[in-house]
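Engineer:
Protein chains: 2
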Amino acid sequence: MGAADVLGKQSLVFREPVFIQGWGSVVGKKEGEGPMGACFDQIEEDPALGAENWEEAESRLQILAAKQAVEHAGLSMEEIRMIFAGDLLAQSIASSFGIGQLDRPVYGLFGACSTMGEALSLAAVAVAAGAGTHVLALTSSHFATAEKEFRFPLEYGSQRPLSASWTVTGSGACVVGSRPGQVKITGITTGKITDYGLKDSQNMGACMAPAACQTISAHLRDFSRSPEDYDRIITGDLGYVGQQILLDLMEEEGFRIGKVHEDCGIRIFDRETQDTHAGGSGCGCSASVLAGWILPKIAAGEWKRVLFVPTGALMSRMSFYEGNSVPGIAQAVVLETVQEN
Amino acid sequence: MGAADVLGKQSLVFREPVFIQGWGSVVGKKEGEGPMGACFDQIEEDPALGAENWEEAESRLQILAAKQAVEHAGLSMEEIRMIFAGDLLAQSIASSFGIGQLDRPVYGLFGACSTMGEALSLAAVAVAAGAGTHVLALTSSHFATAEKEFRFPLEYGSQRPLSASWTVTGSGACVVGSRPGQVKITGITTGKITDYGLKDSQNMGACMAPAACQTISAHLRDFSRSPEDYDRIITGDLGYVGQQILLDLMEEEGFRIGKVHEDCGIRIFDRETQDTHAGGSGCGCSASVLAGWILPKIAAGEWKRVLFVPTGALMSRMSFYEGNSVPGIAQAVVLETVQEN
């Protein structure tokens, strides 16, 4: 029917290119002090962003990132046809209470930390269907909202195991559309919920690695490509523990991705000096690193083709109380430069 | 680009028809005893569906509805290219833990009780983009999981105000695709988050009515249609209180929809005998009524054109604790018969 074709078992290839026309990233103080500090558009020194509670602070991150992306695309907010947004919180309240103010049509998403991959994928699908010249993909996370939602009261000062990740305070947004931009989305691979039965919510990298492996191997098979066809394959927030598991699992599938693999969670913090253990995590981790680091490099032609694969750990306080496992999901998006050389 | 065109401010019209090829509904005992009991494909007498906890019970509802819909479409689960699914629970765990077993690519959605409108919309957009011949839209709710998530322990036996709704135990699923079926989706209108500042989570109909009004009036303006162009305009779960507010608000917008308006929440229970106060609610309410009552009537040609508009109240336990308002959102889908006469 539309401007895309199914490919293999889980993928879609865009016959007419879908572009990323602008992007924006906003992060907290700790992220600003990390190795990527200089990459982000905006660093907020106040963790509460002047809000009365952490949830509202996270909503403000989304609004700031959305505005950055729209400005970067040279547009006004009224030109955004619809927003695809999500976050980690119960009933996605960071999104519900933030983007309402932008007065745009909205579809809310939930894919845990994979949500930026899902938002970009569905934004691209919508553009391919003809649903808009400009749509916005947007996600966020906040260290304090995530601790409150999933872990311990901050005041309790609980010790974190080395396998635990540190939720990124940040938001990233992309304007996706049919009018040419500096980066194009040429394909997507939709993830399957993958459950190896792991139950340790303090080791989410291990819980998500099987899903990353499922999506990346399906992607490479669907597109008949090898890892070398990508300048980078970049997962969202597997961290150090999850990365090693992913590399091992991929090798069992017959793919060696070690040379091209990067992980946003590993990149965003300095493990030695920032005490972040396994690395950064959260919807805002891959989203802010995408907007701050990955897209500029592709736009500049430094990387020709990147597979962006945010990963999510599907769990809630309730599923944890009930002794459930933590299934994972990973959504992959092929990003390519429009630079010729 | 694709097989759809933007229309007006919030809508999309499909140039090539997108079809609903099959549907399925599964509900609990109380819903089975209601006025629509005979409409549903399956009535589960055991509220726990043999599961160990309520969340798992809700997951089982989703799997049963998905299987009914796929069977009704004459397909096997392997032929479903992707699933759009969501529920009301924190981190959408009813969906995460249910549909993983179906081994299909998944995009998770969150739009509170509007999720079936969102799932149908995005399924249609995906088909229009060329993302698959058959995709599945699926949502659920369960009385016991919703009470646990949002209200009081059942054992506490708290009194419910007359404005409160009763969460439907049920799930509905639709197979959406490009191959002809008995019902077609001809357009959608994407909802905006609409906040009138109401804070009473025991009166969700009032919280959602402004969003329903925003989406329905935008829809009628975008399509240059009047309410009489529809055999029915059917909201999700406004209930008795929300319905009256919607009719009043619509009149202020210049549209009299009283003659064609129906509400799934009002229809699913008998107020006199079932003690359900304002009516049924939940993602599973509009989804099961869609699959059990609305789609069969359209397929039979009894109704030529219906606007299906599930409404959602965007709130969480945390947003309630923090004294936030309850914004609403409503997602509209135009359903038409393929019968000629």
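From first to last, the protein sequence lines stand for chains G and Z. Counting with the working numbering, you get residues 11 to 351 for the letters of the first sequence. Counting with the working numbering, you get residues 11 to 351 for the letters of the second sequence. For glycine and all other residues, C-beta sits at the position ideal for the given N, C-alpha and C.
(1) How about G/Phe318: is its C-beta nearer than 9 Å to some C-beta of chain Z?
(2) Among residues of its own chain, excluding the 5 on either side of Z/Asp51, which ones have a beta-carbon nearer than 6 Å to its beta-carbon?
(3) Residue ranges of each alpha helix (DSSP H) run of no fewer than 4 residues wholly in the segment 269-297 of chain G, ordered along the chain?
(4) Does the beta-carbon of Z/Asp232 have 16 or more other beta-carbons within 10 angstroms, so that it is buried, or is it exposed?
(5) Are the CB atoms of G/Val186 and G/Leu112 nearer to each other than 9 Å?
(6) Does chain Z have any CB closer than 9 Å to the CB of G/Pro171?
(7) Under a three-way DSSP split, which group does G/Tyr240 fall into?
(8) Would you tell me roughly how many angstroms separate the C-alpha atoms of G/Ser335 and G/Gly322, rounded to the nearest one?
(9) Leaving out five residues on either side along the sequence, give the residues of the same chain with a beta carbon under 7 Å from the beta carbon of G/Cys223.
(10) If distances are taken between C-alpha atoms only, which option among Z/Leu74, Z/Ser326 and Z/Glu332 comes closest to Z/Gly121?
(11) Mapping DSSP to helix, strand and coil, what is Z/Tyr250?
(12) Could you name each continuous beta strand (DSSP E) segment of 3 residues or more that falls completely within the segment 183-239 of chain G, going from the start of the chain to the end?
(13) Do we get a CB-CB distance below 9 Å when we pair Z/Thr149 with the residues of chain G?
(14) Determine the extent of the beta strand (DSSP E) in which G/Tyr117 is found, giving its start and end residues.
(15) Which residues mark the beginning and the end of the alpha helix (DSSP H) in which Z/Leu130 is found?
(16) Run through the DSSP bridge pairs and tell me what G/Met92 is partnered with.
(17) Can you check DSSP and say which residues form a bridge with Z/Glu54?
(18) Do we get a CB-CB distance below 9 Å when we pair Z/Asn213 with the residues of chain G?
(19) Compare the beta carbon distance of G/Ala342 and G/Thr204 with 9 Å and say whether it is the shorter of the two.
(20) Could you give the first and the last residue of the continuous beta strand (DSSP E) run that contains Z/Gly338?
(21) Under 7 Å, CB to CB, which of the residues in the segment 174-205 of chain G have a partner in chain Z?
(22) Suppose the cutoff is 7 Å on Cβ atoms and the five residues either side in sequence are ignored; what does the same chain contact list for G/Leu99 look like?
(23) Judging by CA-CA distance, which residue of G/Met126, G/Ala340, G/Glu350 and G/Gly289 is the nearest neighbour of G/Gly311?
(24) Which term fits Z/Ala48, buried or exposed, when burial requires 16 or more other beta carbons within 10 angstroms of its beta carbon?
(25) Bridge partners for G/Ala323 per DSSP, in chain order?
(26) Using a Cβ-Cβ cut-off of less than 7 Å, list which residues of the segment 11-35 of chain Z approach chain G; keep chain order.
(27) Chain G partners of Z/Pro115, CB-CB under 7 Å?
(28) Have a look at G/Ser291 and G/Lys307 and give me their C-alpha separation to the nearest angstrom.
(29) Please compile the residues from chain Z whose C-beta is within a distance smaller than 7 Å of the C-beta of G/Pro306.
(30) Name the chain G residues whose beta carbon is nearer than 7 Å to that of Z/Gln349?
(31) Is there a Cβ from chain G that is less than 9 Å from the Cβ of Z/Val251?
(32) In terms of residue numbering, what span does the alpha helix (DSSP H) encompassing G/Val80 cover?
(33) Thinking C-beta only, is Z/Met11 closer than 9 Å to G/Ala83?
(34) In the DSSP assignment, the beta strand (DSSP E) including Z/Leu17 goes from what residue to what residue?
(35) Where does Z/Gly60 land, buried or exposed, given buried means 16+ other C-beta within 10 angstroms?
(36) Quick check on Z/Glu41: buried or exposed, where buried means 16 or more other Cβ atoms within 10 Å of its Cβ?
Structural biologist: On the basis of the data shown:
(1) Chain Z places no beta carbon closer than 9 Å to that of G/Phe318, leaving this residue out of the contacts.
(2) Only Gly34, Ser35 and Gln78 meet the Cβ criterion.
(3) DSSP runs (the alpha helix (DSSP H)) wholly in the segment 269-297 of chain G: 274-278 and 281-284.
(4) Classification of Z/Asp232: buried, given that the 10 Å Cβ count is 16 or more.
(5) Against a cut-off of 9 Å, the Cβ pair of G/Leu112 and G/Val186 comes out as no contact.
(6) So, not an interface residue.
(7) Reduced to three states, the DSSP call for G/Tyr240 is coil.
(8) Going from the Cα of G/Ser335 to the Cα of G/Gly322 covers about 13 Å.
(9) Within the same chain, G/Cys223 has close Cβ partners Leu256, Leu259, Met260 and Glu263.
(10) Of the listed residues, the one whose Cα sits closest to Z/Gly121 is Z/Ser326.
(11) Z/Tyr250: helix per DSSP, three-state reduction.
(12) You should have 193-199.
(13) Interface criterion not met: the Cβ of Z/Thr149 is under 9 Å from no Cβ in chain G.
(14) Element bounds for G/Tyr117: Val116 to Gly118.
(15) Residues Thr125 to Ala139.
(16) DSSP lists G/Val145 as partners of G/Met92.
(17) Answer by DSSP bridge pairing, in chain order: Z/Gly38.
(18) With 9 Å as the cut-off, Z/Asn213 does not count as an interface residue toward chain G.
(19) No, Cβ-Cβ distance for G/Ala342 and G/Thr204 is not below 9 Å.
(20) Unbroken beta strand (DSSP E) run through Z/Gly338: Gly338 to Ala340.
(21) Going along the segment 174-205 of chain G in chain order, one finds Ser188, Thr200, Gly201, Lys202, Ile203 and Asp205 with a Cβ nearer than 7 Å to chain Z.
(22) Glu65, Thr155 and Glu159.
(23) Out of G/Met126, G/Ala340, G/Glu350 and G/Gly289, G/Glu350 has the C-alpha closest to the C-alpha of G/Gly311.
(24) Classification for Z/Ala48: exposed.
(25) DSSP, once it has assigned bridges, lists G/Gly338 as partnering G/Ala323.
(26) Those residues of the segment 11-35 of chain Z that come within reach of chain G (Cβ to Cβ, closer than 7 Å) are Met11, Gly12, Ala13, Ala14, Asp15, Val16, Gln20, Leu22 and Glu26.
(27) Within chain G, the residues near Z/Pro115 are Gln20, Thr200, Gly201 and Lys202.
(28) Those two C-alpha atoms are separated by around 22 Å.
(29) Against chain Z, a Cβ distance below 7 Å from G/Pro306 picks out nothing, because the smallest value is about 26 Å.
(30) Simply none; closest approach about 23 Å.
(31) At a cut-off of 9 Å between beta-carbon atoms, Z/Val251 makes no contact with chain G.
(32) Per DSSP, G/Val80 belongs to the alpha helix (DSSP H) from Trp64 to His82.
(33) Not a contact, by the Cβ cut-off of 9 Å.
(34) Element bounds for Z/Leu17: Ala14 to Leu17.
(35) It is exposed - the Cβ of Z/Gly60 has fewer than 16 other Cβ atoms within 10 Å.
(36) By the neighbour-count rule (16 or more Cβ atoms within 10 Å), Z/Glu41 is buried.
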